[in-house]
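One structure below.
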Amino acid sequence: MRSSDVAVMAAGSTATAVDVVGATKIFTVAKGAQVIALDTIDLSVAPGEFVSLIGPSGCGKSTLLRLIADLDQPTTGSVTVFGKSARQARVDQDYGIAFQQAGLLPWRTVAGNIELPLELHGTGKTARKARAAELLELVGLTDFADRYPEQLSGGMQQRVAIARSLAESPKLLLMDEPFGALDEMTRERMQNELVRICAETGAAVVFVTHSIPEAVFLSDRVVVMSPRPGRIVDVIPVALGAAEDRDDDLREAVGFFAAVSAVREALHGTPAGGAAGASAARGVETR
Amino acid sequence: MRTSTSRTRAILAPVIFGLAVLVIWQVAVVVLGIKPYVLPSPINIGGQFTKAFDTVWAGTRVTGFNALIGLILGAVTGIIAAIISALARVFDEIGLPVITAASVVPIVALAPVLYTMFGAGAETARQLIAALAVFIPVYVNSLRGLRQVKPVHRDLMRAYAVSSWQVTRTVTLPGAVPFIFTGLRIASSLAVISALIAEYFGGPIDGLAKSITSAASYSNYTLAYAFVLGAILLGLVFYMVTLALEKLATRHRPSLS
Ligand SMILES: Nc1ncnc2c1ncn2[C@@H]1O[C@H](COP(=O)(O)OP(=O)(O)OP(=O)(O)O)[C@@H](O)[C@H]1O
Ligand SMILES: [Mg+2]
């Protein structure tokens with residue numbers, strides 16, 4: 050692990066993990082109407098850094114993630130991943146991705162689904178099997194290796210998708226509400242696991258979520274977004290300590306609650322031109 | 087529990103219906119005194135079927151083999167053509183209208199031409215006609231299936247930055263399997279029907295359809311019906327086998343309806 054940490058540090062000195070500069074995304078919908086999904090977004094993620102994107106539905110979180118993943122191209126602005134174009138980073142397989150939907154292949158077993166990226170990129174059979182077993186253990190699905198996705202609950206399917214995104218130990222993880230379908234207990238367990246994985250692999254993470262406590266628990270920084278047009282309204286440094294110290298006790302620590310209310314304030318606070326909504330939301334804050 | 091009772095019901099209902107039809111048929115023939123050349127009774131047909139089983143079986147083998155060759159040939163070319171169409175947009179734009187046009191052409195009409203092409207002593211013309219009839223539903227359904235890739239799977243494969251052939255092999259083609267089998271199920275009956283009808287236009291005299299005509303021309307109507315029964319059973323076997331293969335191939339998927 051230590052050697053990979055060093056490698057990440059070395060890479061970090063030359064390039065950030067993600068660098069989004071002035072990115073705008075405009076979708077043209079039916080009858081030529083335009084939706085400004087993202088409006089001049091600037092975001093930079095350091096190697097090994099954990100950044101959460103939080104904001105109301107439709108504010109462009111998934112769109113921003115897709116730009117970083119080169120699944121969509123920005124209308125204006127640029128996206129750089131590890132010092133290269135987003136496209137080159139995708140071709141070089143610099144990131145692992147987990148979508149809002151699990152997106153498993155129904156005709157493959159659980160193990161077969163986790164092995165998919167390894168198989169496509171030419172990893173040998175024994176190495177694939179060993180890696181899949183490791184990941185199954187990690188997501189607590191060892192007993193389900195030979196089942197088919199339709200035999201799993203939604204939350205279990207999502208855990209398989211997370212295992213799949215980790216298969217090639219990427220230096221960058223892009224995750225779109227990966228824990229949204231999980232129950233609270235599994236969710237907290239997966240959060241703990243994710244913190245541990247990131248500490249071990251030194252991976253940078255861009256993590257989309259709707260949950261303030263989740264964002265605070267996991268992140269080094271929480272990016273708060275607002276809709277129509279999608280903008281970054283605030284970036285809140287959380288830095289609750291080294292990954293090793295983040296355990297369940299942290300969820301009850303004072304710093305944790307302070308960060309949670311800071312994010313909540315940013316979410317409900319006065320965005321540019323949204324005064325009416327803000328005053329209504331202020332009341333909620335005091336809870 | 088519920089599914090097993092509904093399945094029993096799904097099998098039982100047509101069986102009971104079929105038996106009822108046979109009983110009414112038998113009773114009608116006996117009570118109304120219908121002559122065998124108009125309509126033989128089921129019991130007579132059954133008797134003739136067992137008595138002449140070897141002849142019926144010989145005819146069934148010839149026609150069945152033609153249909154099988156046609157089915158395999160038409161299915162393989164249909165699936166390959168659909169893959170090429172799905173991969174190359176140019177083919178696609180020419181492909182579908184041409185195929186749609188071809189699907190309204192009654193293919194058996196080609197029989198006389200094909201017999202002259204391959205010689206009247208060979209079965210080739212019949213197999214080709216079956217293959218042509220099979221090609222169309224297999225191609226159309228496969229292509230439809232190949233277009234049904236889920237957006238999340240498309241994103242995933244794009245994220246993996248793999249070649250379009252790898253996408254076809256790992257996602258598009260397996261995803262299209264239920265659609266391909268829908269095509270095959272339609273095609274399996276068409277293969278038998280086309281192979282049978284093609285016999286009426288010439289060629290060797292050893293198939294089922296030829297046997298039906300010759301039995302009828304010798305006024306042996308019960309025997310003709312025994313051959314018809316053979317043809318029905320052949321069609322059923324083709325359908326059931328494709329259906330069983332379909333169930334086997336799609337057992338791990340949420341039902342497509
Ligand atoms: N392919 C597309 N075509 C047209 N409009 C789109 C497209 N994708 C997203 N949008 C629009 O862009 C905006 C942002 O969408 P996005 O999916 O990024 O939101 P989100 O923050 O991820 O929301 P949620 O929390 O509900 O997932 C929305 O208004 C959406 O309607
Ligand atoms: Mg989203």
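From first to last, the protein sequence lines stand for chains C and X.
Remember, my numbering sits 49 above the position in the first sequence when you count from 1.
Remember, my numbering sits 86 above the position in the second sequence when you count from 1.
Each residue gets a CB set at the ideal place from its N, CA and C atoms; glycine is no exception.
Between residue i and residue j, what straight-line distance do the alpha-carbon atoms span, to the nearest angstrom?
{"i": "Arg270 of chain C", "j": "Ala179 of chain C", "result": "34 Å"}
{"i": "Gly269 of chain X", "j": "Ser305 of chain X", "result": "39 Å"}
{"i": "Ala327 of chain C", "j": "Cys247 of chain C", "result": "Note that Ala327 of chain C has pLDDT 38, beneath the 50 cutoff, so the model's placement of it is unreliable and the number below is only indicative. Each residue's alpha carbon lies about 35 Å from the other."}
{"i": "Leu315 of chain X", "j": "Val257 of chain X", "result": "43 Å"}
{"i": "Ile158 of chain X", "j": "Gly161 of chain C", "result": "30 Å"}
{"i": "Lys74 of chain C", "j": "Asp225 of chain C", "result": "18 Å"}
{"i": "Gly251 of chain C", "j": "Gly318 of chain C", "result": "33 Å"}
{"i": "Leu118 of chain X", "j": "Gly104 of chain X", "result": "21 Å"}
{"i": "Thr335 of chain C", "j": "Asp192 of chain C", "result": "Because the pLDDT of Thr335 of chain C is 31, which lies under 50, any placement of that residue in the model is unreliable, and the number read from its coordinates should be weighed accordingly. Distance between the alpha carbons of Thr335 of chain C and Asp192 of chain C is about 45 Å."}
{"i": "Leu187 of chain C", "j": "Glu242 of chain C", "result": "8 Å"}
{"i": "Ala56 of chain C", "j": "Arg139 of chain C", "result": "With a pLDDT of 45 at Ala56 of chain C, under the threshold of 50, the modelled position of that residue is not reliable, and no figure is offered here."}
{"i": "Ala295 of chain X", "j": "Ala277 of chain X", "result": "14 Å"}
{"i": "Leu229 of chain X", "j": "Arg213 of chain C", "result": "29 Å"}
{"i": "Val272 of chain C", "j": "Val257 of chain C", "result": "10 Å"}
{"i": "Ser227 of chain X", "j": "Val220 of chain X", "result": "According to the sequence as given, residue 227 of chain X is Asn; it is not Ser. Approximately 11 Å between the Cα atoms of the pair."}
{"i": "Ile169 of chain X", "j": "Arg339 of chain X", "result": "22 Å"}
{"i": "Leu231 of chain C", "j": "Arg238 of chain C", "result": "10 Å"}
{"i": "Glu285 of chain X", "j": "Ala153 of chain X", "result": "11 Å"}
{"i": "Thr112 of chain C", "j": "Ile146 of chain C", "result": "14 Å"}
{"i": "Thr299 of chain X", "j": "Tyr311 of chain X", "result": "10 Å"}
{"i": "Gly189 of chain C", "j": "Leu320 of chain X", "result": "51 Å"}
{"i": "Val128 of chain C", "j": "Phe306 of chain C", "result": "33 Å"}
{"i": "Ser397 of chain X", "j": "Phe267 of chain X", "result": "Residue numbering for chain X in the displayed model covers 87 to 343; residue 397 of chain X lies beyond these limits and cannot be assessed."}
{"i": "Arg280 of chain C", "j": "Thr89 of chain C", "result": "7 Å"}
{"i": "Ala172 of chain X", "j": "Ile285 of chain C", "result": "48 Å"}
{"i": "Ser274 of chain X", "j": "Leu108 of chain X", "result": "26 Å"}
{"i": "Gly173 of chain C", "j": "Gly304 of chain C", "result": "46 Å"}
{"i": "Pro223 of chain X", "j": "Gly164 of chain X", "result": "8 Å"}
{"i": "Ser101 of chain C", "j": "Pro123 of chain C", "result": "20 Å"}
{"i": "Ile110 of chain X", "j": "Pro128 of chain X", "result": "10 Å"}
{"i": "Arg177 of chain C", "j": "Gly126 of chain C", "result": "39 Å"}
{"i": "Glu183 of chain C", "j": "Asp143 of chain C", "result": "21 Å"}
Does residue i pass the burial test, meaning 16 or more other C-beta atoms within 10 Å, or should it be called exposed?
{"i": "Arg115 of chain C", "result": "buried"}
{"i": "Thr77 of chain C", "result": "exposed"}
{"i": "Lys137 of chain X", "result": "exposed"}
{"i": "Ile215 of chain X", "result": "buried"}
{"i": "Glu164 of chain C", "result": "buried"}
{"i": "Met203 of chain X", "result": "exposed"}
{"i": "Gln83 of chain C", "result": "exposed"}
{"i": "Asp121 of chain C", "result": "buried"}
{"i": "Gln213 of chain X", "result": "buried"}
{"i": "Met274 of chain C", "result": "buried"}
{"i": "Gly202 of chain C", "result": "The sequence shown places Ser at residue 202 of chain C, not Gly. With fewer than 16 other Cβ atoms within 10 Å, it is exposed."}
{"i": "Pro96 of chain C", "result": "buried"}
{"i": "Leu322 of chain X", "result": "exposed"}
{"i": "Thr254 of chain X", "result": "buried"}
{"i": "Trp251 of chain X", "result": "exposed"}
{"i": "Met205 of chain C", "result": "buried"}
{"i": "Arg337 of chain X", "result": "exposed"}
Along chain C, in chain order, which residues have C-beta atoms closer than 7 Å to that of residue i?
{"i": "Ala245 of chain X", "result": "Ala118, Leu120, Arg139 and Ile146"}
{"i": "Val238 of chain X", "result": "Phe148, Gln150 and Gly152"}
Going by DSSP, which residues form a beta bridge with residue i?
{"i": "Gln83 of chain C", "result": "C:Thr77"}
{"i": "Gly145 of chain C", "result": "C:Leu222"}
{"i": "Ala194 of chain C", "result": "Its beta-bridge partners do not exist; DSSP assigns none."}
{"i": "Asp68 of chain C", "result": "C:Ser93 and C:Thr129"}
{"i": "Asp241 of chain X", "result": "According to DSSP, Asp241 of chain X bridges with nothing at all."}
{"i": "Val255 of chain C", "result": "C:Val100 and C:Leu223"}
{"i": "Asp283 of chain C", "result": "C:Val273"}
{"i": "Ser134 of chain C", "result": "C:Thr129"}
Chain X partners of residue i, CB-CB under 8 Å?
{"i": "Gln83 of chain C", "result": "Correct list: empty, because the minimum Cβ distance to chain X is about 21 Å."}
{"i": "Pro166 of chain C", "result": "Tyr246"}
Note down, in chain order, every chain C residue with its Cβ under 9 Å from the Cβ of residue i.
{"i": "Leu196 of chain X", "result": "Chain C residues near Leu196 of chain X: none, gap ~38 Å exceeds 9 Å."}
{"i": "Val257 of chain X", "result": "Leu154"}
Report the neighbours of residue i on chain X: residues whose CB is nearer than 7 Å to its CB, in chain order.
{"i": "Gln142 of chain C", "result": "Ala247"}
Strictly below 9 Å CB to CB, what residues from chain X border residue i?
{"i": "Leu222 of chain C", "result": "Simply none; closest approach about 12 Å."}
Find the residues of chain C that neighbour residue i, judging by a C-beta separation of less than 8 Å, and give them in chain order.
{"i": "Leu242 of chain X", "result": "Ile146, Phe148 and Gly152"}
{"i": "Gln252 of chain X", "result": "Leu169"}
Chain-ordered residues, beta carbon under 6 Å from a heavy atom of ligand 2: C:Lys110, C:Ser111, C:Gln149 and C:Asp225
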